[in-house]
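Residue numbers (this note's numbering), protein chains in the order written: chain A, 305 to 419; chain B, 533 to 937.
Just so it is clear, CB atoms sit at the ideal spot from N, CA and C, and this is done for glycine as well.
Structure first, then comments.
Here's what the structure looks like:
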C-alpha cells in the first residue's frame, strides 16, 4: 500500500526550527539522514518545506471567486489531502496552476528548500 | 528662517528620492536578480545621500550619484558572494549610465504590491523600495515603531526571494487583479498621509503626496485603464480641500463647516475632467464612483445645497460593487438629507453588528440622535466614539462636540 507522509507541525515548532543554531540543525539533519538510510528502500520523493511565513494561499470561495492571501492556510478542521510537486519559473506560474485546480478547499503553495 | 530652509531641503530631497529610488532599485533587481540585495544597496546609498546632500548640495545628476555609491559599496560585497560573481561585469557597466529601462519602476511596484504579500508589507515595501523612504520615515509616517517596520520589511523581502515573487509586468489575464492591488496600496498610503497630516505632526516625507505622484505615474503608463484615473481624481479632490481642513489652532474642520472659498477650484475642475475621461472608457469601478461622490461635494456651493439625491444614487451604485458596511454608513448620512433623521438612524442601527468597533459609526449615530433630540443617548454614542480612535485631530473634534452637548 502506498502512503504519503505529511509532516505537520505547530507554529511553535516552526519557530523553534528558525531559532536553532547551525550546529543543532546539523545534528537534527544527521538524525533524519540516519532514519532515511535505515528505511531507504521504502522511500520515494520527499521535501522539507520553507517556514510557514513563506507560504501563499489561494482560497476557492462559494461565490466562485478565488482569494490570494499571505501565509499558510491555518484552519483547525482542515487536513492536507495531497502534495503535488511542481517545477515552474516563478510564483505567478504556480498561482496560475493553483487557481485552475479543479478541487475544493484551499491550495497552499510552499517553496521548498533546495539542499 | 532656519526651519524654512530645512523644509525646502527636505522637500527637495523628497522629490529627488521619489524620482530616483524606484528606478534605481528596479535597475539593480534587473542586473543582480535579487530583490533583497538590490533594495538594501539602494537604502544604504539613500542614507549616505541624506547625510551628505544637505551639506554638499544635491548633485546635478542625483541618479548617477546614487548608482555610483551603490555600485562602490556593493563591489567588494558582491565579489565575495558566489551567487553574484558572474553578475559583476554587468553591474560595473551600469555605474556609467543613469538610464534604466522605462518600466523598471512599474515592475518594482507590481512586485512590492504582489497579492502574496500582506497589505502592511506591501505598503512598507512600496514606501521603501519605490519611494525611497528610510525605515525611520516609514515608522514615523505610519505611527509604528522603527523595529516593527524593519522586521516587516526584512520578512517581506525574504518572502519575495524565497517564494519566487517575480520582477515583471503582469500578464494581461492578471492585470486587473494586480492593478487593483497596486491601487489599494496607493489609496491606503494616501489615507494614512491624509489623516495624520496637518494638526502639527511635521514629517520629512508627505505620504499623501507620494501616493498621488505614484498614482499619476500609473495613469500615464495605463492610459486605457479608468480606475487609476478615478483614484487620482479622488486623491486630487481630497487634496483640493487641504487648506480648509484645519483651523489656525490646528483643529480639524468637518466638510460641512469648511470655508469653500479656500478650496483649490482649479484642482477640482481638473479632477472632474479626469472623472469624465475615465467615464468615457465605459468601465465603471469603485474608485471612479468614489471620485464622483467627492466631486458632488466639491461642486456644491455649500453643505446645504449639495445634491444629496445624486449622492444617494452614487452610493447605491457603489454598494453594488462594494457591499461594505462602511459604505452603507456613509450612504446613511446622505439619506439623512434626503429622507430625514429617522430613516437615516434606522439604516445606521442596522449596521451596529458590523461596525460596533468603528468610531465613525458611533459618531454619526450620535449626530443623528442629537438631531432627534435624544441628548443623553447622543452623548453616550459620542463618548463611545472617543474610546475607539487615537487620532489626535478626530479626538479633539469629538471632545468639542461633547462639550457642546
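Listed along chain A are 354, 358 and 415, each with a C-beta nearer than 7 Å to that of residue 694 of chain B.
Annotation for residue 413 of chain A: the continuous beta strand (DSSP E) segment containing it runs 410-413. Under the Cβ distance rule, residue 374 of chain A counts among the residues neighbouring chain B, one pair being separated by less than 8 Å.
Look at residue 706 of chain B: its C-beta is under 8 Å from a C-beta on chain A. DSSP, reduced to helix, strand and coil, places residue 717 of chain B within a helical segment of the structure shown.
The Cβ atoms of residue 762 of chain B and residue 823 of chain B sit closer than 8 Å to each other. One thing to note: residue 592 of chain B has its Cβ no nearer than 8 Å to the Cβ of residue 664 of chain B. Separation of residue 390 of chain A and residue 835 of chain B (C-alpha to C-alpha, rounded to the nearest whole angstrom) is 59 Å. Counting along the chain, no beta strand (DSSP E) covers residue 754 of chain B, and no H or E run does either.
The criterion of a C-beta distance shorter than 8 Å is satisfied by residue 799 of chain B and residue 768 of chain B. Here DSSP, grouped into helix, strand and coil, assigns residue 886 of chain B to helix. Contact annotation: residue 830 of chain B and residue 866 of chain B have beta-carbon atoms that are not nearer than 8 Å.
Contact of residue 698 of chain B with chain A by beta-carbon distance below 9 Å involves 393, 394, 395, 396 and 397. Interface flag for residue 809 of chain B against chain A is unset, since no Cβ pair is found closer than 8 Å.
In this structure, DSSP gives residue 919 of chain B a helical state, which the three-state scheme calls helix. Contact between the region 583-599 of chain B and the region 548-565 of chain B is present: three or more C-beta pairs spanning the two stretches fall below 8 Å. When the Cα atoms are used, residue 774 of chain B and residue 895 of chain B turn out to be separated by approximately 22 Å. In terms of beta-carbon proximity, residue 648 of chain B lines the interface with chain A, with at least one pair separated by less than 8 Å.
Neighbours of residue 687 of chain B across chain A, judged by C-beta separation under 8 Å: 357.
Just so you know, the alpha carbons of residue 555 of chain B and residue 575 of chain B end up roughly 13 Å apart. The alpha carbon of residue 679 of chain B has as its nearest neighbour, out of B:666, B:706 and B:712, the alpha carbon of B:666. Following the DSSP letters along the chain, one finds residue 364 of chain A in no alpha helix (DSSP H) but inside the beta strand (DSSP E) bounded by residues 360-364. In summary, residue 395 of chain A is buried, with 16 or more beta-carbon neighbours lying within 10 Å of its beta-carbon over all protein chains present. Taking a beta-carbon distance threshold of 8 Å, residue 691 of chain B counts as an interface residue toward chain A. Taking C-beta separations shorter than 8 Å and ignoring five residues to either side along the sequence, the partners of residue 934 of chain B in its chain run 911, 914, 915 and 918, following chain order.
Excluding the 5 residues flanking it on each side, residue 582 of chain B has same chain C-beta neighbours closer than 8 Å at 545 and 666, in chain order. Judged by DSSP in its simplified three-state form, residue 784 of chain B adopts strand. Bounds of any alpha helix (DSSP H) do not take in residue 662 of chain B, whose DSSP letter is neither H nor E. Taking the Cα positions, residue 803 of chain B is about 10 Å away from residue 826 of chain B. Between residue 604 of chain B and residue 693 of chain B, the C-beta spacing is not below 8 Å. Nearest Cα to residue 844 of chain B within the set B:869, B:715 and B:727: B:869. With fewer than 16 other Cβ atoms from the protein chains shown falling within 10 Å of its own Cβ, residue 853 of chain B counts as exposed. Of the candidates B:688, B:569 and B:590, the residue whose Cα lies closest to the Cα of residue 542 of chain B is B:590. Residue 541 of chain B sits in a helix when the DSSP states are folded into three classes.
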